[in-house]
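Novice: Below you will find the structure I want to go over with you.
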Amino acid sequence: AQQGEKKSPLVYYVGVDVGTASVRAALVSRAGLLNSTAEEPISIWEPQADHYVQSSSEIWEKCCTVVKVVTQSVERSQVRGIGFDATCSLVVLDQSFQPVPVSQDGDRQRNVVMWMDHRAEEQAARITNTGHGVLSRVGGVMSPEMQPPKLLWLKENLKESCWKEAAHFFDLPDFLSWKATGSLTRSLCTLVCKWTYCPPEGWDASFWTSIGLEDLLENDFSKIGSVSCPPGSPLGDGLTQEAAADLGLDPGTAVGASLIDAHAGGLGVIGADVKGFHLPCEDQPITSRMAMICGTSTCHMAISEQPLFVPGVWGPCLSAMVPGVWLNEGGQSATGRLIDHVMKGHAAYTQLQEQARQRSNIYSYLNSHLSSMADSRSAVDLLGSSLHVWPDFHGNRSPLADPTLKGMVTGLSLSQTLDDLALLYLATIQALALGTLHILEAMKEAGHDIRTLFLCGGLSKNSLFVQIHANATGLPVVLPDQMEAVLIGAAVLGACASQDYSSIQTVVREWTGA
Ligand SMILES: *[C@@H]1O[C@H](CO)[C@@H](O)[C@H](O)[C@H]1NC(C)=O
Ligand SMILES: *[C@@H]1O[C@H](CO)[C@@H](O)[C@H](O)[C@H]1NC(C)=O
Numbered sequence: 001a002q003q004g005e006k007k008s009p010l011v012y013y014v015g016v017d018v019g020t021a022s023v024r025a026a027l028v029s030r031a032g033l034l035n036s037t038a039e040e041p042i043s044i045w046e047p048q049a050d051h052y053v054q055s056s057s058e059i060w061e062k063c064c065t066v067v068k069v070v071t072q073s074v075e076r077s078q079v080r081g082i083g084f085d086a087t088c089s090l091v092v093l094d095q096s097f098q099p100v101p102v103s104q105d106g107d108r109q110r111n112v113v114m115w116m117d118h119r120a121e122e123q124a125a126r127i128t129n130t131g132h133g134v135l136s137r138v139g140g141v142m143s144p145e146m147q148p149p150k151l152l153w154l155k156e157n158l159k160e161s162c163w164k165e166a167a168h169f170f171d172l173p174d175f176l177s178w179k180a181t182g183s184l185t186r187s188l189c190t191l192v193c194k195w196t197y198c199p200p201e202g203w204d205a206s207f208w209t210s211i212g213l214e215d216l217l218e219n220d221f222s223k224i225g226s227v228s229c230p231p232g233s234p235l236g237d238g239l240t241q242e243a244a245a246d247l248g249l250d251p252g253t254a255v256g257a258s259l260i261d262a263h264a265g266g267l268g269v270i271g272a273d274v275k276g277f278h279l280p281c282e283d284q285p286i287t288s289r290m291a292m293i294c295g296t297s298t299c300h301m302a303i304s305e306q307p308l309f310v311p312g313v314w315g316p317c318l319s320a321m322v323p324g325v326w327l328n329e330g331g332q333s334a335t336g337r338l339i340d341h342v343m344k345g346h347a348a349y350t351q352l353q354e355q356a357r358q359r360s361n362i363y364s365y366l367n368s369h370l371s372s373m374a375d376s377r378s379a380v381d382l383l384g385s386s387l388h389v390w391p392d393f394h395g396n397r398s399p400l401a402d403p404t405l406k407g408m409v410t411g412l413s414l415s416q417t418l419d420d421l422a423l424l425y426l427a428t429i430q431a432l433a434l435g436t437l438h439i440l441e442a443m444k445e446a447g448h449d450i451r452t453l454f455l456c457g458g459l460s461k462n463s464l465f466v467q468i469h470a471n472a473t474g475l476p477v478v479l480p481d482q483m484e485a486v487l488i489g490a491a492v493l494g495a496c497a498s499q500d501y502s503s504i505q506t507v508v509r510e511w512t513g514a
């Protein structure tokens, strides 16, 4: 190097992921490698059956804690951008941006209706019955996990304590970017996927009027968002003084418009370079891939050049995950949560915990226990041949789109042994994998041509879950080379907003492998 030439300083990006039960952050290098991660739990309250609420103040505090932890080894000036993803929960604030309670108990701090809250089933069914044109974008059926039924529930049930006071309704990812920058601009990802917004026209006033929420039209829809932009677009002037102080970063640090958590995972995995893997998707367009984000619930993200309408599957949504292409989102409302639920309810669960103590976790214990139960002649698959689970304990999101469905188990005996628990665990995973096949078939029928599955999220670390998905669907399964696809996806937003890269696709291409 010439004398006096400056070495280019090391730069980093921060990704923040607000999941169902915890907040995580990652510091990611210019090359897309994880430098460090941190995690903090967040509270979930269940004031009554099927109601799940959180606190936006607590969530923001925890975001600040984890960002401070992951950036402690670098100078503030080295952090070039930050991006947020979160569950698609509904945050309610008043005129002066203070929390508004969303429960009958009136606790002001509990101002977030969680994504998995099914209080608005009846409202969702009524919205479906209107048969309004916007429903064609959500598979024909309004889910209680989307925002319009939740808003309607608040108006009908908490008119005085909530609806009249509320001045701002945010999807949680947009709340976080507002908190960071003061910008009220919403991400197209949230508005299009969960709020029936449809670019280029935007909001459909006749929809809101027909469901009885005409008050939201006021002031150019200011309560639910008058301005939108694609994910990763730089917001405002970056971090405000106040947010920068909270997060321990420099004011003005670039902040990208947010993504829903599943979409961040999809972005972090679907573009992975698979050259040399000899996969059926290798010489195929990216539209031959489906990303599955497998955690508490599972999301099935399929993209296409032309809009495809899949009954019982959300979308098509333009640019909601990958810019310029259409997204269909299938899903299962309870997957990781179902496996936990089924195991915890079994008589041998305590025994399992004791047995698994020497292992890294109960799943790896169960996986090897099942292998030892299968003798040389029978595959693990066949152990479950007389025990069957119907996995819709929390309703069916896709492709039946029936939130009222319930779970079933057939083939039970009086056995309470660990073997019996292991078989129930296997049958549950098989049921979930067959649910994925059901979704794939619906997508295929509508014109998708999916050749390979790209899995990420907590459940993708469970080797049996991954293998059974390959066996049940007959498709190869690819895992990202970095297991934290969701955090990487969030950091991609910060990198994109920093304008150190020419486009979001460039960042994804440079950062992700398999
Ligand atoms: C993280 O970044 C710091 C500061 O540049 C560096 O000293 C450290 O070695 C990095 N750690 C990893 C695991 O890359
Ligand atoms: C998946 O299928 C293969 C081939 O039939 C079989 O060998 C294997 O045991 C199956 N895996 C599981 C987990 O059952």
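Residue numbers (the UniProt record's numbering): 1 to 514. No residue lacks a Cβ here, since even glycine has one placed at the ideal position from N, Cα and C.
1) For V16, does the three-state DSSP call read helix, strand or coil?
2) Relative to the C-alpha of Q95, which candidate in P231, Q54, E165 has its C-alpha closest?
3) Mind listing, in chain order, the continuous alpha helix (DSSP H) runs of no fewer than 4 residues lying wholly within the stretch 38 to 73?
4) How is the alpha helix (DSSP H) around D207 delimited, first residue to last?
5) Among H438, A124, C456, which one has its Cα closest to the Cα of A514?
6) I'd like the span of the beta strand (DSSP E) that includes G315, first residue to last.
7) At 4 residues or longer, what runs of the alpha helix (DSSP H) sit wholly inside the stretch 107 to 141?
8) Can you check DSSP and say which residues form a bridge with I82?
9) Please return the same chain residues whose Cβ sits closer than 7 Å to the Cβ of S77, not counting the five positions on each side in sequence.
10) Cβ-heavy atom distance between S73 and ligand 1 below 7 Å?
11) Flag this pair as yes or no: are the beta carbons of S56 and P173 separated by less than 8 Å?
12) Taking W511 as the reference, give the member of T417, A31, Y13 with the closest Cα.
13) How many Å lie between A427 and V389 at the Cα?
14) With DSSP as the reference, identify every bridge partner of L26, one or two as the case may be.
15) Could you pull the DSSP bridge partners for L327 from this structure?
16) Which complete alpha helix (DSSP H) runs does the stretch 347 to 430 hold, if anything under 4 residues is left out?
17) In whole angstroms, what is the alpha-carbon distance linking N367 and S463?
18) What do you reckon, is the C-beta of L10 under 7 Å from a heavy atom of ligand 1?
19) Excluding the 5 residues preceding and the 5 following L33 in the sequence, name in chain order all residues of the same chain whose CB lies nearer than 8 Å to its CB.
20) Spell out the partners DSSP gives D322 in its beta bridges.
21) Can you tell me whether A245 is buried or exposed, with buried defined as 16 or more other CB within 10 angstroms of its CB?
22) State the DSSP-derived secondary structure class of A472, mapped to helix, strand or coil.
23) Examine the Cβ distances between the stretch 302 to 311 and the stretch 176 to 193 and report whether three or more of them are shorter than 8 Å.
24) Going by DSSP, which residues form a beta bridge with F454?
25) Looking at ligand 2, does it come within less than 7 Å of A379, judged from the CB to the closest heavy atom?
26) As a quick exercise: from A25, A262, W163, pick the residue whose alpha carbon is nearest that of A38.
27) Provide the residue span of the beta strand (DSSP E) that contains V92, from first to last.
28) If you compare alpha carbons, which of Q54, E329, N129 is closest to T190?
29) Give the straight-line distance between the Cα atoms of V14 and A490, rounded to the nearest whole angstrom.
30) Within the same chain, show all residues whose beta-carbon is closer than 8 Å to that of S503, passing over the 5 residues directly before and after it, in chain order.
31) How many Å lie between E242 and L176 at the Cα?
32) Ligand 2 and Q355: does any heavy atom of the ligand fall closer than 7 Å to the residue's C-beta?
33) I need the boundaries of the beta strand (DSSP E) containing H448, first residue and last residue.
Specialist: Once the coordinates are examined:
1) For this step, residue 16 is matched to residue 16 along the sequence shown. Three-state DSSP puts V16 in a strand.
2) Residue 95 sits at position 95 when you count from the first residue of the sequence shown. Among P231, Q54, E165, the Cα nearest to that of Q95 belongs to E165.
3) Whole alpha helix (DSSP H) segments, 4+ residues: 56 to 70.
4) Taking the first residue of the sequence shown as position 1, residue 207 is located at position 207. One point to set straight first is that residue 207 is Phe, not Asp, in the sequence displayed. Secondary structure note for F207: its alpha helix (DSSP H) is the uninterrupted segment 205 to 210.
5) Numbered from its first residue, the sequence shown carries residue 514 at position 514. Comparing Cα-Cα distances from A514 to each of H438, A124, C456, the minimum goes to C456.
6) As a working mapping, residue 315 is identified with position 315 in the sequence shown. Start and end: 314 to 318.
7) The qualifying runs are 121 to 130.
8) In the sequence shown, residue 82 corresponds to position 82, counting from 1. Bridge partners of I82 according to DSSP: V14, V255.
9) Position 77 of the sequence shown, counted from the first residue, corresponds to residue 77. Cβ contact annotation for S77 (same chain, cutoff 7 Å, sequence separation greater than five): D250, in chain order.
10) Here the question's residue 73 lines up with position 73 in the sequence shown. True, at least one ligand heavy atom lies under 7 Å from that Cβ.
11) In the sequence shown, counting from the first residue as 1, residue 56 sits at position 56. In the sequence shown, counting from the first residue as 1, residue 173 sits at position 173. Taking 8 Å as the Cβ cut-off, S56 and P173 do not qualify as a contacting pair.
12) As a working note, residue 511 is residue 511 in the sequence shown. The shortest C-alpha separation from W511 is found at A31.
13) Looking up residue 427 in the sequence shown gives position 427. Looking up residue 389 in the sequence shown gives position 389. Distance between the alpha carbons of A427 and V389: 6 Å.
14) Along the sequence shown, read from residue 1 onward, the residue named residue 26 stands at position 26. Residue identity check: residue 26 is Ala in the sequence provided, not Leu. Partner(s): G15, T37.
15) In the sequence shown, the residue the question calls residue 327 occupies position 327. In the DSSP output, where bridge partners are listed per residue, L327 has I303, C317.
16) Entirely contained in the stretch 347 to 430, the alpha helix (DSSP H) runs reaching 4 residues are, in chain order, 349 to 355, 362 to 373, 380 to 383.
17) Taking the first residue of the sequence shown as 1, we reach residue 367 at position 367. Taking the first residue of the sequence shown as 1, we reach residue 463 at position 463. Near 8 Å, if we compare the C-alpha coordinates of S463 and N367.
18) Here residue 10 is taken as the residue at index 10 of the sequence shown, counted from 1. Remark: the shortest separation between the CB of L10 and any heavy atom of ligand 1 falls under 7 Å.
19) If you number the sequence shown from 1, residue 33 lands on position 33. Closer than 8 Å at Cβ, skipping near neighbours: Q482.
20) Within the sequence shown, residue 322 is the residue found at index 322, counting from 1. For the record, residue 322 in the displayed sequence is Val; it is not Asp. Beta-bridge pairing by DSSP links V322 to no other residue.
21) The count along the sequence shown starts at 1 and reaches residue 245 at position 245. When all chains shown are included, A245 counts as exposed.
22) Counting from 1 along the sequence shown, the entry for residue 472 is found at position 472. In the structure shown, the three-state DSSP call for A472 is helix.
23) Too few Cβ pairs lie closer than 8 Å, so no.
24) For the purposes of this step, residue 454 is taken as the residue at position 454 of the sequence shown. Paired residue(s): A291, V478.
25) Taking the sequence shown and counting its residues from 1, the one referred to as residue 379 is at position 379. Between ligand 2 and A379, a heavy atom-to-CB distance of less than 7 Å is present.
26) Here the question's residue 38 lines up with position 38 in the sequence shown. A38 has its Cα closest to that of A25, out of A25, A262, W163.
27) Your numbering for residue 92 matches position 92 in the sequence shown. Annotation: the continuous beta strand (DSSP E) that includes V92 extends over 90 to 94.
28) Within the sequence shown, residue 190 is the residue found at index 190, counting from 1. Nearest C-alpha to T190 among Q54, E329, N129: E329.
29) In the sequence shown, residue 14 corresponds to position 14, counting from 1. In the sequence shown, residue 490 corresponds to position 490, counting from 1. Cα to Cα, the separation comes out at about 8 Å.
30) For the purposes of this step, residue 503 is identified with residue 503 of the sequence shown, where counting begins at 1. Around S503: P323, C496.
31) Within the sequence shown, the letter at position 242 stands for residue 242. Within the sequence shown, the letter at position 176 stands for residue 176. For E242 and L176, the gap between their C-alpha atoms comes out near 13 Å.
32) In the sequence shown, counting from the first residue as 1, residue 355 sits at position 355. Taken from the Cβ of Q355, every heavy atom of ligand 2 lies 7 Å or farther away.
33) Mapped onto the sequence shown, residue 448 falls at position 448. Taken as a continuous stretch (DSSP letters only), H448 belongs to no beta strand (DSSP E), as it is neither H nor E.
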